[in-house]
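Colleague: Residue numbers (our numbering): 138 to 682. We treat Cβ as the ideally placed atom computed from N, Cα and C, and that holds for glycine. Note that the structure is predicted; figures quoted are calculated from it, not measured. So that we are looking at the same thing, I have put the structure below in structure tokens.
Following this line, the structure appears as structure tokens:
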């Protein structure tokens, strides 16, 4: 049996020594000679009871002594009871959870009344307000008055591409330009050839935004040299800084578009800020994200089927949790954090990091200190067994139905076994659906990612384990839907300290977890400078109810 600990917490707290207190209190007996009177007095004192007020001798009894004796007896009894209770608790409340092989043994935690949803009183003050207007009035100028066309490649995985699409619509609006339907660029990691129309409903996308931005499916026919886009420096704007303000596009990009008529923007990852653009532009980005960008009907239908199966796994209607477990090999390597594992595993991970990120790896001598610092700051992905302990501390019982959205977990089944042992009703889409049902989605990796996205979006509780576009888009969308559904964002910094505290008992740990995460469940949260619109759409995209 071993305790769940991080190797970074090997220090011990200083405590006072009982032996020292005993030595300080030891009587010092002198061997000096006394006269007979003193010896006679010492003999009489020696024969007197230790507490004269407890003696049966009526000569020493008084009402005052009786009161003192009762007070002392009461104090002794109270101290004894407290000590016995403390010893009993220590014997029966082990630190956090004990690990026996792949089995985690955690004390039972009573299920909280608000385990599956946020309090109604905290979720009724805001409502979505980024929908398109119903009056059908367009503020677009005539087609022949457009300032030109912009073209982008949406890079990265599905969710990074989604953000780029939203930003491209906003930039087109800022410059009064026509947007050519974005191309989903093949990602080096995903290695996917998905097109926009393979994943999103193009007709709905164009129609929903027709009063905001003019969008065309392809490069105009009059522009014959299509290969020139993204290859010719004359047709590409490359100097756009990250989180650029709206004014940057008006001053630096718009003149080139007016001159060339068609321009590609590259790169286009995070090339538009949040609090340095007009509120109506941020509201437009929300309109794209939450209303215009819809997955294809077959993807929506399959996700609904998976959600239905999750809600009926026990034979009756049951709530379920969606867990975004980010512990793939690439994520573990990129984090440069240290994790529990054998020496062989650590050596192989070091070689992997050295190969993939040589400039960060250097000679490897600085990595141990870096790993400790990152874990202390809460910048390391949570391990599966850490997730298990946190969920149990929150009060989720063993029977909790959990849908796992994850790539291949680093370490395989051995790594995920403690989590699955504590929560046996843990499944993936591959276990919920048949091979034949998923075959139609396997030709596009982003289609499988879209299924995970929608199931997490529709779950009763969503739990993230590390940052990223997937998690923040889910949390933002669930907030936009009304804040009712819990979206738990673990405080990894605090959890790291708790896991590393050798003196913290289970009851204290549970209290810390519950209290800390009362406000980390996707409740309404005011925006602040440099806030992330995708995780918190409150101020620009929601209105007071």
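(1) Where DSSP assigns a beta bridge to residue 681, which residues make up the other side?
(2) Where do the N-terminal and C-terminal ends of the alpha helix (DSSP H) with residue 697 fall, by residue?
(3) Given residue 411, which residues of its chain have a CB within under 8 angstroms of its CB, disregarding the five upstream and five downstream residues?
(4) Would you mind reading off the limits of the alpha helix (DSSP H) that contains residue 546?
(5) Taking only three categories from DSSP, how would you classify residue 406?
(6) Let me confirm a value: residue 688 is counted as buried when at least 16 other C-beta atoms fall within 10 Å, else exposed. Which label applies?
(7) With burial defined as no fewer than 16 other Cβ atoms inside 10 Å of the residue's Cβ, what is the status of residue 665: buried or exposed?
(8) The beta strand (DSSP E) spanning residue 459 covers which residue range?
(9) Count the other C-beta atoms from every protein chain shown that fall within 10 angstroms of the C-beta of residue 682, then say buried if there are 16 or more, exposed otherwise.
(10) For residue 416, which residues in the same chain have their Cβ closer than 6 angstroms to its Cβ, ignoring the five residues on either side in sequence?
(11) Return the CA-CA distance between residue 271 and residue 572, expressed in angstroms with no decimal places.
(12) Secondary structure at residue 465, three-state DSSP: helix, strand or coil?
(13) Would you say the region 545-564 touches the region 502-510, given that touching needs at least three Cβ pairs under 8 angstroms?
(14) May I have the straight-line CA-CA distance separating residue 496 from residue 490, to the nearest angstrom?
(15) Assuming residue 608 and residue 601 form a contact by the criterion Cβ under 8 angstroms, report the distance between their Cβ atoms to the nearest whole angstrom.
(16) Per DSSP, what kind of secondary structure is residue 101 in: helix, strand or coil?
(17) Run through DSSP, which three-state label would residue 400 get?
(18) In the DSSP assignment, find the unbroken alpha helix (DSSP H) run with residue 291 in it and report its ends.
(19) Could you check how far apart the C-beta atoms of residue 487 and residue 501 are, in whole angstroms? I think they sit under 8 angstroms.
(20) Less than 8 angstroms between the C-beta atoms of residue 306 and residue 353, yes or no?
(21) Out of 205, 214, 208, 254, point me to the one whose CA is closest to residue 623's CA.
(22) Taking DSSP as the reference, what is the three-state secondary structure of residue 427?
(23) Look at the alpha carbon of residue 425 and the alpha carbon of residue 313, and state the distance between them as a whole number of angstroms.
(24) Short of 7 angstroms in beta carbon distance, which residues of its chain neighbour residue 421, apart from the five on each side in sequence? Order them along the chain.
(25) For residue 414, which residues from the same chain have a beta carbon less than 8 angstroms from its beta carbon, with the 5 sequence-adjacent residues on both sides left out?
(26) Taking all protein chains shown into account, decide if residue 505 is buried (16 or more other Cβ within 10 angstroms of its Cβ) or exposed.
(27) Quick one: grab the DSSP three-state call for residue 676.
(28) Along the alpha helix (DSSP H) that carries residue 647, what are the first and last residues, could you check?
(29) Enumerate in chain order the residues of its own chain whose CB-to-CB distance from residue 387 is below 8 angstroms, with the five nearest sequence positions on each side excluded.
(30) List the DSSP bridge partners of residue 624.
Modeller: Concretely, from the data shown:
(1) By one-based count along the chain shown, residue 681 stands at place 544. According to DSSP, which records beta bridges pairwise, residue 681 is partnered with 263.
(2) No information on residue 697 is available, as it lies outside the stretch 138 to 682 that the chain covers here.
(3) Looking up residue 411 in the chain shown gives position 274. Hits under 8 angstroms: 380, 419, 667, 668, 669, 670.
(4) The residue labelled residue 546 in the question sits at position 409 within the chain shown. From DSSP, residue 546 is part of no alpha helix (DSSP H); its letter is neither H nor E.
(5) Looking up residue 406 in the chain shown gives position 269. Here residue 406 sits in coil by DSSP.
(6) Not covered by the structure: residue 688. The range shown for the chain is 138 to 682.
(7) Indexing the chain shown from 1 puts residue 665 at position 528. Answer is exposed; the Cβ neighbour count stays below 16.
(8) Position 322 of the chain shown, counted from the first residue, corresponds to residue 459. Here the beta strand (DSSP E) through residue 459 covers 458-461.
(9) In the chain shown, counting from the first residue as 1, residue 682 sits at position 545. Exposed, because fewer than 16 other Cβ atoms sit within 10 Å of the Cβ of residue 682.
(10) Working through the chain shown from its first residue, we reach residue 416 at position 279. Result list for residue 416: 677, in chain order.
(11) As a working note, residue 271 is residue 134 in the chain shown. As a working note, residue 572 is residue 435 in the chain shown. CA-to-CA, the gap between residue 271 and residue 572 works out to about 43 angstroms.
(12) In the chain shown, the residue the question calls residue 465 occupies position 328. In this structure, residue 465 counts as strand in the three-state DSSP scheme.
(13) no
(14) The residue you call residue 496 lines up with position 359 of the chain shown. The residue you call residue 490 lines up with position 353 of the chain shown. Answer to the nearest angstrom: the Cα atoms are 10 angstroms apart.
(15) Working through the chain shown from its first residue, we reach residue 608 at position 471. Working through the chain shown from its first residue, we reach residue 601 at position 464. Their Cβ separation, rounded to whole angstroms, is 4 angstroms, which keeps residue 608 and residue 601 in contact under 8 angstroms.
(16) Examination of residue 101 is not possible in this model, given that the chain is present from 138 through 682 alone.
(17) For this step, residue 400 is matched to residue 263 along the chain shown. Residue state, collapsed to three classes: strand.
(18) Your numbering for residue 291 matches position 154 in the chain shown. Where residue 291 is concerned, there is no enclosing alpha helix (DSSP H), although the beta strand (DSSP E) it sits in stretches over 286-291.
(19) Numbered from its first residue, the chain shown carries residue 487 at position 350. Numbered from its first residue, the chain shown carries residue 501 at position 364. Right, the Cβ-Cβ distance comes to about 6 angstroms (below 8 angstroms), so this counts as a contact.
(20) On the chain shown, residue 306 is found 169 positions in, with the first residue counted as 1. On the chain shown, residue 353 is found 216 positions in, with the first residue counted as 1. No, the Cβ-Cβ distance between residue 306 and residue 353 is not below 8 angstroms.
(21) Reading the chain shown from its first residue, position 486 is the one you call residue 623. Ranking 205, 214, 208, 254 by Cα distance to residue 623 puts 254 first.
(22) Working through the chain shown from its first residue, we reach residue 427 at position 290. Residue state, collapsed to three classes: helix.
(23) The residue labelled residue 425 in the question sits at position 288 within the chain shown. The residue labelled residue 313 in the question sits at position 176 within the chain shown. So the alpha carbons of these two residues sit roughly 17 angstroms apart.
(24) By 1-based counting over the chain shown, the position of residue 421 is 284. Hits under 7 angstroms: 306, 307, 310, 349.
(25) Within the chain shown, the letter at position 277 stands for residue 414. Once the five neighbours on either side are set aside, the close Cβ partners of residue 414 are 307, 311, 382, 383.
(26) Walking along the chain shown from the start, residue 505 turns up at place 368. The residue in question, residue 505, is exposed, as its Cβ has fewer than 16 Cβ neighbours within 10 Å.
(27) Counted from its first residue, the chain shown places residue 676 at position 539. Three-state result, residue 676: helix.
(28) Along the chain shown, one-based indexing puts residue 647 at 510. From DSSP, the alpha helix (DSSP H) with residue 647 extends over 643-653.
(29) The sequence position of residue 387 within the chain shown is 250, counting from 1. Excluding sequence neighbours, residue 387 sits near 311, 312.
(30) Taking the chain shown and counting its residues from 1, one reaches residue 624 at position 487. According to DSSP, which records beta bridges pairwise, residue 624 is partnered with 599.
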